[in-house]
Amino acid sequence: MTTILFGGLYHETHTFLAQKTGMPQFEEGGIHIGEAAIDRNRGNGSPSAGFIDYAEKAGWRIIPTIQMAAQPAGKVTDDVVEMFFEHYLAGLDRHVQEIDGIFLVLHGAMVSESSDDVEGLIMRKTRERLKALGRPDLPIGAVLDLHGNISDEMVKLSTVVRAYRENPHTDALESAVEAAALLDIALGEPGIRQVHRATKYVISPTGVGSANEPMKSVLAAARAIEASDPDILNINVMAGYAYSDIAICGFSLSLVTRGTVEAANEHLDALVGVLEANIEAGYPSEDDLQTALAKADALPPGSGPILLIEASDNIGGGTPGDATGLLGPLLETGRNNILAALADKEAVAACFEAGLGAEITLEIGAKTDEHHGTPIRFTGKIEHLSDGVFQLENPKSHMASMGGTTIRMGRCAVLVNDQAKILLSERKTAPMDLGQYHSQGLRPEDATYVVIKAAVSHRAAYDDIQRASFYVDTPGLCTSNLKRLPYTKLGDKVISLT
Ligand SMILES: [Zn+2]
Numbered sequence: 041m042t043t044i045l046f047g048g049l050y051h052e053t054h055t056f057l058a059q060k061t062g063m064p065q066f067e068e069g070g071i072h073i074g075e076a077a078i079d080r081n082r083g084n085g086s087p088s089a090g091f092i093d094y095a096e097k098a099g100w101r102i103i104p105t106i107q108m109a110a111q112p113a114g115k116v117t118d119d120v121v122e123m124f125f126e127h128y129l130a131g132l133d134r135h136v137q138e139i140d141g142i143f144l145v146l147h148g149a150m151v152s153e154s155s156d157d158v159e160g161l162i163m164r165k166t167r168e169r170l171k172a173l174g175r176p177d178l179p180i181g182a183v184l185d186l187h188g189n190i191s192d193e194m195v196k197l198s199t200v201v202r203a204y205r206e207n208p209h210t211d212a213l214e215s216a217v218e219a220a221a222l223l224d225i226a227l228g229e230p231g232i233r234q235v236h237r238a239t240k241y242v243i244s245p246t247g248v249g250s251a252n253e254p255m256k257s258v259l260a261a262a263r264a265i266e267a268s269d270p271d272i273l274n275i276n277v278m279a280g281y282a283y284s285d286i287a288i289c290g291f292s293l294s295l296v297t298r299g300t301v302e303a304a305n306e307h308l309d310a311l312v313g314v315l316e317a318n319i320e321a322g323y324p325s326e327d328d329l330q331t332a333l334a335k336a337d338a339l340p341p342g343s344g345p346i347l348l349i350e351a352s353d354n355i356g357g358g359t360p361g362d363a364t365g366l367l368g369p370l371l372e373t374g375r376n377n378i379l380a381a382l383a384d385k386e387a388v389a390a391c392f393e394a395g396l397g398a399e400i401t402l403e404i405g406a407k408t409d410e411h412h413g414t415p416i417r418f419t420g421k422i423e424h425l426s427d428g429v430f431q432l433e434n435p436k437s438h439m440a441s442m443g444g445t446t447i448r449m450g451r452c453a454v455l456v457n458d459q460a461k462i463l464l465s466e467r468k469t470a471p472m473d474l475g476q477y478h479s480q481g482l483r484p485e486d487a488t489y490v491v492i493k494a495a496v497s498h499r500a501a502y503d504d505i506q507r508a509s510f511y512v513d514t515p516g517l518c519t520s521n522l523k524r525l526p527y528t529k530l531g532d533k534v535i536s537l538t
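For the sequence shown, counting from 1, position 220 maps to 260 in the numbering used here; every step adds exactly one.
Put into structure tokens, the structure is as follows:
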């Protein structure tokens with residue numbers, strides 16, 4: 041029977057955020073040790089579920105070690121990484137003579153206090169341990185997020201890595217299934233190799249939607265190569281994650297081949313050519329609020345909300361979800377029928393204390409740091425209070441990639457006045473699924489303006505209901521204007537074309 045050691049450590053790390061991602065955040069996101077790594081993930085829509093599904097259908101025996109994940113945020117504390125290694129390497133030590141391979145659920149853009157390349161570190165420690173234990177060539181497979189910043193070391197020391205291909209990540213589970221299938225091939229074909237190609241381009245999350253250029257053409261070209269060259273088993277088009285100030289930040293490519301390195305490099309050259317032919321679209325410009333509203337006013341009549349996209353507080357990219365740089369000025373314009381969500385624990389507590397139906401004046405938002413605006417004084421009636429648990433309406437939502445289909449926003453309060461409905465939650469919740477609002481009695485479909493704290497990941501939920509959407513340039517650490525960020529480690533990488 042094929043026996044596979046399984047583990048996971050998943051985080052997208054925004055190195056400019058001062059708030060660290062520590063054990064409490066991973067406890068919130070999920071730390072599953074031993075059998076719980078299987079039982080708690082089976083069927084939950086996550087990449088781990090995809091691996092488990094493939095393994096169980098293939099009749100593999102899974103030896104679980106530890107699987108942990110947390111929402112994108114600041115640097116991961118070393119104790120988290122140490123906890124992962126403690127359980128993972130203990131499992132490896134104990135079972136090394138019984139296993140045929142290793143499968144890991146990773147992100148690719150994880151940075152800890154002491155490592156700029158945690159996934160590379162995992163591969164290095166694994167290989168070192170395997171060497172010491174007398175099994176240096178054991179196949180290692182992994183599934184990665186499309187936003188991974190990938191090092192040569194990570195690719196060189198792993199056997200097969202397979203990244204998501206869709207952004208929004210509607211294919212996270214399916215990508216894990218495909219990664220497991222690649223590992224299955226690698227178990228029987230020791231000659232398989234990977235080739236990696238870094239590029240100089242660092243592109244903000246707003247520039248890497250898979251339906252838009254440059255990703256669209258590069259992904260299509262990659263699929264064409266896979267279809268025409270039987271040696272090529274998989275090509276990863278890695279958008280990278282711009283908010284990591286690390287030397288390996290940026291767009292990269294990698295592939296799995298049965299053929300030669302020379303042939304692989306020719307394919308990678310061709311793909312870099314496609315990227316460069318379309319690169320301008322990767323650096324889009326954004327409107328100020330007045331311009332965006334003027335464009336909205338000029339639209340022909342239609343139905344559905346105008347989405348005002350606040351990419352600078354892209355929750356899926358790690359920022360606090362409490363920025364007020366869009367909502368504050370929008371309220372000041374006097375416009376109404378506005379819907380917005382803010383993460384604000386203190387405000388939620390005040391609402392629960394005041395009780396359902398009470399009228400309350402609060403300072404909402406902008407409480408995490410100095411980068412995301414100033415609190416808004418808001419007076420409204422408390423129309424809904426809840427525990428904030430909801431099920432994804434779309435189980436293939438980008439959100440499921442981070443931890444499954446049950447979402448916990450923490451306690452929630454809905455504050456309403458003549459101008460706006462504000463969903464306040466204890467935990468930041470990325471706008472990737474309409475269940476976020478519907479579960480709280482709110483309908484984005486009926487709003488005139490919805491403030492969206494995302495770059496691309498909202499699109500699977502909102503494309504079908506929106507009238508139009510406009511990206512608004514506001515302050516925040518997930519800004520699309522990368523020139524505003526104090527990078528120190530990028531060397532000659534390109535963060536802007538102007
Ligand atoms: Zn991603």
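The beta-carbon is built from N, C-alpha and C at its ideal position, and this holds for glycine as well.
Since we're looking at a predicted model, the values are computed, not measured.
Margin query: So, does the region 523 to 530 touch the region 328 to 342, judging by three or more C-beta pairs under 8 Å?
Written below: no
Next item on the list: Would you identify the three-state DSSP class for Y204, choosing helix, strand or coil?
Entry: coil
Check: Going by the beta-carbon positions, is the gap between S540 and V314 smaller than 8 Å?
Finding: The question about residue 540 has no answer here: the residues shown for the chain are numbered 41 through 538.
Note to self: Contact defined as beta carbons within less than 8 Å: I believe G368 pairs with G413. What is the distance between those atoms, to the nearest angstrom?
What the structure shows: About 6 Å separates the beta carbon of G368 from that of G413, a gap short enough to meet the 8 Å contact definition.
Note to self: In whole angstroms, give me the CA-to-CA distance for K468 and L308.
What the structure shows: Rounded to whole angstroms, K468 to L308 spans 38 Å at the Cα level.
Check: When DSSP builds the beta bridges, which residues end up paired with V429?
Finding: R448
Notebook entry, point to check: Nearest-angstrom Cα distance between L293 and I275?
Noted result: 7 Å
Next item on the list: Please list, in chain order, all residues of the same chain as S536 whose beta carbon is under 7 Å from its beta carbon, the five residues on each side excluded.
Entry: Y323, L522, K523
Notebook entry, point to check: Does any heavy atom of ligand 1 sit closer than 7 Å to the C-beta of N185?
Noted result: Just to set this straight, residue 185 is Asp in the shown sequence, not Asn. At least one heavy atom of ligand 1 is nearer than 7 Å to the Cβ of D185, so yes.
Check: From L132, Q65, R233, pick the residue whose C-alpha is nearest to that of K171; which is it?
Finding: L132
Note to self: Relative to the C-alpha of H478, which candidate in V496, N457, D458, Y502 has its C-alpha closest?
What the structure shows: Y502
Item checked: Pick from V145, A334, F418 that is closest to S198, judged by C-alpha positions -> V145
Notebook entry, point to check: Taking DSSP as the reference, what is the three-state secondary structure of S509?
Noted result: In the structure shown, S509 falls within a strand segment according to DSSP collapsed to helix, strand and coil.
Check: Are the CB atoms of E350 and V454 nearer to each other than 8 Å?
Finding: no
Note to self: Under 8 Å, with one C-beta from each stretch per pair, do the region 365 to 383 and the region 494 to 501 reach the 3-pair mark?
What the structure shows: Of all C-beta pairs linking the region 365 to 383 to the region 494 to 501, fewer than three are shorter than 8 Å, placing the two stretches out of contact.
Notebook entry, point to check: Is H424 near ligand 1, in the sense that its beta carbon is under 7 Å from a heavy atom of that ligand?
Noted result: Distances from the CB of H424 to the heavy atoms of ligand 1 are all 7 Å or more.
Notebook entry, point to check: Relative to the alpha-carbon of H51, which residue among E393, L45, I71, T43 has its alpha-carbon at the smallest distance?
Noted result: I71
Next item on the list: Kindly list the residues whose CB is nearer than 7 Å to the CB of L259, restricted to its own chain and excluding five residues on each side of it in sequence; keep chain order.
Entry: R205, S250, V277
Check: Taking the alpha-carbon positions, what's the G531 to Y94 distance?
Finding: Taking the Cα positions, G531 is about 41 Å away from Y94.
Check: Using 8 Å as the Cβ pair cut-off and three pairs as the minimum, do the region 351 to 358 and the region 369 to 376 touch?
Finding: no
Next item on the list: Answer yes or no: do F91 and A220 have a C-beta to C-beta separation smaller than 8 Å?
Entry: It is a contact, given that the beta carbons lie within the stated cut-off.
Notebook entry, point to check: Helix, strand or coil for A149 per DSSP?
Noted result: coil
Next item on the list: Could you check what DSSP says for L109 in three-state terms: helix, strand or coil?
Entry: It should be noted that the sequence gives Ala, not Leu, for residue 109. It is a strand residue.
Checklist line | Cβ neighbour criterion (16 or more within 10 Å) applied to R263 | finding: Under this definition R263 is an exposed residue.
Item checked: Cβ-Cβ separation, L129 to R169 (assumed contact under 8 Å), whole Å -> 6 Å
Margin query: So, under 8 Å CB-CB, R134 and E229 are touching, yes? Tell me the CB distance rounded to an integer number of Å.
Written below: The pair is not a contact, with the Cβ atoms about 27 Å apart (cut-off 8 Å).
Note to self: Quick check on M278: does DSSP put it in helix, strand or coil?
What the structure shows: strand
Next item on the list: Note down, one range per segment and in chain order, each alpha helix (DSSP H) of at least 4 residues found wholly within the region 344 to 416.
Entry: 367 to 372, 385 to 394
Margin query: Pop quiz: R448 and V388 are said to be a contact at Cβ under 8 Å. What is the actual Cβ separation, rounded to whole angstroms?
Written below: The pair is not a contact, with the Cβ atoms about 13 Å apart (cut-off 8 Å).
Item checked: Exposure of S268, with buried meaning 16 or more beta-carbon neighbours within 10 Å -> S268 should be labelled exposed.
Check: Relative to the C-alpha of P341, which residue among S520, F143, A508 is closest?
Finding: A508
Item checked: Nearest-angstrom Cβ-Cβ length linking M150 and T55, presumed shorter than 8 Å -> Actually they do not touch by this definition, with Cβ atoms about 11 Å apart.
Notebook entry, point to check: So what does V242 bridge to, in DSSP terms?
Noted result: V242 pairs with nothing; no bridge assigned.
Check: Does at least one heavy atom of ligand 1 sit under 7 Å from the Cβ of H51?
Finding: no
Next item on the list: Could you name the residues of the same chain whose beta carbon sits closer than 8 Å to that of I505, not counting the 5 residues immediately before and after it, in chain order?
Entry: G344, P345, L474, P484, E485
Notebook entry, point to check: Under the criterion of a Cβ to heavy atom distance below 7 Å, does H209 qualify as lining ligand 1?
Noted result: yes
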